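What follows is a short report on a single structure.
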Ligand SMILES: *Cc1c(COP(=O)(O)O)cnc(C)c1O
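In our numbering, the protein residues as written are 437 to 839.
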């Protein structure tokens, strides 16, 4: 299996497994698709860096002309470190302290407020001197994985669209300058119709906000994880949203920017987790393939029941057999059960696909294991962008006391 004409197996041999490998050509392809689909409107892409926040990846996106979507002050600092300008960064925190929002104001980034209480504090503190965006919750549910939907009625995210009267009271009393409206309904909304429904609700609310500069539709693009998966048809979404947005701007009286914050869509398919097979273990019920990785490196299968395709890149011609691929963590950590793989031998390298998003960023040191190294393949060359950890990383910040 190759990316940009480089063999993934050779990359694993060179840098050592377990290893995350990312392909900038794939990221570029996704970016281009998104831009072409929204060519008719003033589109701004704010890369949701929580999906994959290695500085070299951030620099790549910065050079491609995107902004960044950050959910913590540390992500804001990372984005600034990577070279994003403050005005290109949107800070969309949830349930953080007001102090953290003030820090972000100090740094000059776009502020997105997620609750009435924070908006009141924001208004008391800044009045109309610092603009802010308001995150709304339209209570949409759009199929897909219920664990990653954040727009439903029980969700903690955003200010409910049922509270708009209260919202206006707070804004008017404090003379708050609202320059954007934001909605992000979750990471797995598949139908363009759901997007459009959400958009119509927001347009209806937006007409009562005279100072808007942008409307941010968040993300929620559904990505295919295996053959036959339903994915968001970006071209179709682009066509429908372009028409709806242009109509809205016409009635609003001014052209606004349309923002999106894709994470998974841009990087999921660009990433592979390469792992080595430690043991092939026959039990009365099945054949387990035990690898030098697990939920400490890729938690999505256990956390979200996510399906990640697995390929034996060391034996592509081998006869296909059924295996369950499991990790070395002392927990149930199944990476894939009952998978058809080319015959697996101890020492083989397996590639776990769609590992670019929420892979490394969710990795931990559980079981005192090291987190994997990361490699970025760019312009036909493989670059190490994060070293393998060592015992020093495990011991860092521990204070040893004599007891
Ligand atoms: C997580 C998140 C995103 C990105 O979601 P993806 O499904 O990875 O595209 C965008 N915006 C906000 C506010 C988020 O929290």
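Where a beta carbon is used, it is the ideal one built from N, C-alpha and C, also for glycine. Just so it is clear, the structure is predicted and the values come from calculations on it, not from any experiment.
Query raised in the report: Is DSSP giving residue 442 helix, strand or coil here?
Result: Under the three-state reduction of DSSP output, residue 442 falls in the strand class.
Report task. Kindly provide the ranges of any beta strand (DSSP E) runs that are 3 or more residues long and lie completely inside the segment 498-576, ordered along the chain. Result -> The qualifying runs are 503-506, 525-527, 546-549 and 568-573.
Query raised in the report: Is it the case that the CB of residue 697 approaches a heavy atom of ligand 1 more closely than 8 Å?
Result: The answer is yes for residue 697.
Query raised in the report: Using a Cβ-Cβ cut-off of 8 Å (strictly less than) and excluding sequence neighbours within five positions of residue 548, which residues of its own chain qualify?
Result: 526, 527, 528, 529, 568, 569, 570, 571, 616, 618 and 652, listed in sequence order.
Report task. Tell me, please, whether the segment 779-793 touches the segment 444-461 by the rule of three or more beta-carbon pairs shorter than 8 Å. Result -> The answer is yes - the segment 444-461 touches the segment 779-793, with three or more Cβ pairs under 8 Å.
Query raised in the report: Using the beta-carbon count (16 or more within 10 Å), is residue 739 buried or exposed?
Result: Looking at its Cβ environment, which holds fewer than 16 other Cβ atoms inside 10 Å, residue 739 is exposed.
Query raised in the report: Between the beta-carbon of residue 497 and the beta-carbon of residue 483, is there less than 9 Å?
Result: With a cutoff of 9 Å on beta-carbon distance, residue 497 and residue 483 are scored as near each other.
Query raised in the report: With distances taken between CB atoms, is the gap from residue 621 to residue 698 smaller than 9 Å?
Result: Against a cut-off of 9 Å, the Cβ pair of residue 698 and residue 621 comes out as no contact.
Query raised in the report: Using a Cβ-Cβ distance under 9 Å, would residue 659 count as near chain C?
Result: The displayed structure is made up of one protein chain only, and chain C is not part of it.
Query - Whole-angstrom distance between residue 692 and residue 683, CA atom to CA atom - result: Taken atom to atom, the span from the alpha-carbon of residue 683 to that of residue 692 is near 11 Å.
Query raised in the report: For the candidate residues 804, 438, 591 and 839, whose alpha-carbon lies nearest to that of residue 826?
Result: For the residues 804, 438, 591 and 839, the minimum Cα distance to residue 826 belongs to 804.
Requested in this report: Specify the secondary structure class of residue 743 as computed by DSSP and reduced to three states.
Outcome: Coil, per DSSP.
Query raised in the report: Which two residues bound the contiguous alpha helix (DSSP H) that contains residue 432?
Result: Outside the displayed span of the chain (437 to 839) sits residue 432, for which this structure offers no information.
Query - Closest by C-alpha distance to residue 703, when choosing among 507, 446, 450 and 462 - result: The shortest C-alpha separation from residue 703 is found at 462.
Query - Selected residue, minimal CA-CA separation from residue 715, among 799, 444 and 785 - result: Measuring from the Cα of residue 715, the nearest candidate turns out to be 785.
Query raised in the report: Could you give the C-beta distance for residue 481 and residue 503, rounded to a whole number, given that I count them as a contact under 8 Å?
Result: Confirmed, about 7 Å.
Query raised in the report: Quick one: what's got a C-beta closer than 7 Å to residue 647's C-beta in the same chain, skipping five residues either side?
Result: Taken in chain order, the residues that qualify are 613, 614 and 615.
Query - residue 661 Cβ short of 8 Å to ligand 1 heavy atom set - result: Residue 661 Cβ: outside cutoff for every heavy atom of ligand 1.
Query raised in the report: So, using beta-carbon positions, are residue 701 and residue 486 closer together than 9 Å?
Result: Against a cut-off of 9 Å, the Cβ pair of residue 486 and residue 701 comes out as no contact.
Query - CA-to-CA distance, residue 565 to residue 679, given in whole angstroms - result: Rounded to whole angstroms, residue 679 and residue 565 show a C-alpha spacing of 34 Å.
Requested in this report: Over the uninterrupted beta strand (DSSP E) stretch that includes residue 786, give me the two end residues.
Outcome: Here the beta strand (DSSP E) through residue 786 covers 785-788.
Query raised in the report: When DSSP labels each residue in this structure, what does residue 616 get in the three-state scheme?
Result: Reduced to three states, the DSSP call for residue 616 is strand.
Query - Cα-Cα separation between residue 766 and residue 655, rounded to whole angstroms - result: Approximately 35 Å, taken between the alpha carbons.
Query raised in the report: Are the segment 728-747 and the segment 760-774 in contact at 8 Å, needing three or more beta carbon pairs?
Result: The count of Cβ pairs closer than 8 Å, one atom from the segment 728-747 and one from the segment 760-774, reaches three, so the stretches are in contact.
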